[in-house]
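Visitor:
In our numbering, the protein residues as written are 235 to 472.
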């Protein structure tokens, strides 16, 4: 029988060398416990070039502990996409309430490689792929009906049925087999948030929490790739 780690044990001993490996373990444990609907729900904060912040929830689709980044996907023309284009830095928070722990990440953001974005987009449900084409994310629209019409128009463009229940004469498995090809929109794809700083937090009794912060330098190489330096770590008071 597996013995579950108690909250006070998580950071009480020697601190891990790779903080994102610990973050990935916490995320996997949160999924296995099924204690919250979306364990990978991640608050992402961006900012305009003059320092006006905004935050929203996105889904963390990968924690690549080595070399050290997290992945999320969105519309590049959305507010966060526009802010990242002019100020490619962000902060993110993952809070695992049933585990009583939290991960904070700060760093540099760059677009994910196009093959990665293509592969993830192809894995999405058909309605989600249609919606990515139909929605000009963050832009005003006059009514829900107009948005619905845009979705239906895109479904027609790609030879798909409008979203909703399948007609009685079409079984769901037959509909899936007949799904049309919907390519990834050029304005939609992934980002990598490269961690310059990671903070791990574990709830403690009487609010005497365990906190530790890792930091490192990121170097942009001549070929455009990011090379991370070694982590340094220190404990923080709660």
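Beta carbons are placed, not taken as given, at the ideal position from N, Cα and C, and that holds for glycine.
Near residue 465, what residues of its chain come up, given a Cβ to Cβ distance below 6 Å and the 5 sequence neighbours on each side ignored?
Guide: Correct list, in chain order: 448, 450.
Visitor: So the beta strand (DSSP E) residue 339 belongs to, where does it begin and stop?
Guide: 335-345 is the span of the beta strand (DSSP E), which, as asked, contains residue 339.
Visitor: For residue 281 and residue 288, I'd like the C-alpha separation in whole angstroms.
Guide: One C-alpha to the other measures close to 6 Å.
Visitor: Who are residue 424's beta bridge partners in DSSP?
Guide: Its beta-bridge partners are 307.
Visitor: Any contact between the stretch 362-371 and the stretch 410-428? By contact I mean 3 or more CB pairs, one from each, below 8 Å.
Guide: With the cut-off at 8 Å, the stretch 362-371 and the stretch 410-428 touch.
Visitor: At a cut of 8 Å, does the stretch 325-342 reach the stretch 383-395 through at least three beta carbon pairs?
Guide: Segments in contact, no.
Visitor: Check whether the stretch 268-283 touches the stretch 247-256, counting contact only when three or more Cβ pairs, one atom from each stretch, lie closer than 8 Å.
Guide: Too few Cβ pairs lie closer than 8 Å, so no.
Visitor: Which class does residue 253 belong to by DSSP, given the choice of helix, strand or coil?
Guide: Here residue 253 sits in helix by DSSP.
Visitor: Please report how far the alpha carbon of residue 374 lies from the alpha carbon of residue 382, in whole angstroms.
Guide: Rounded to the nearest angstrom, the two C-alpha atoms are 14 Å apart.
Visitor: Quick one, are the C-beta atoms of residue 332 and residue 246 less than 8 Å apart?
Guide: Against a cut-off of 8 Å, the Cβ pair of residue 246 and residue 332 comes out as no contact.
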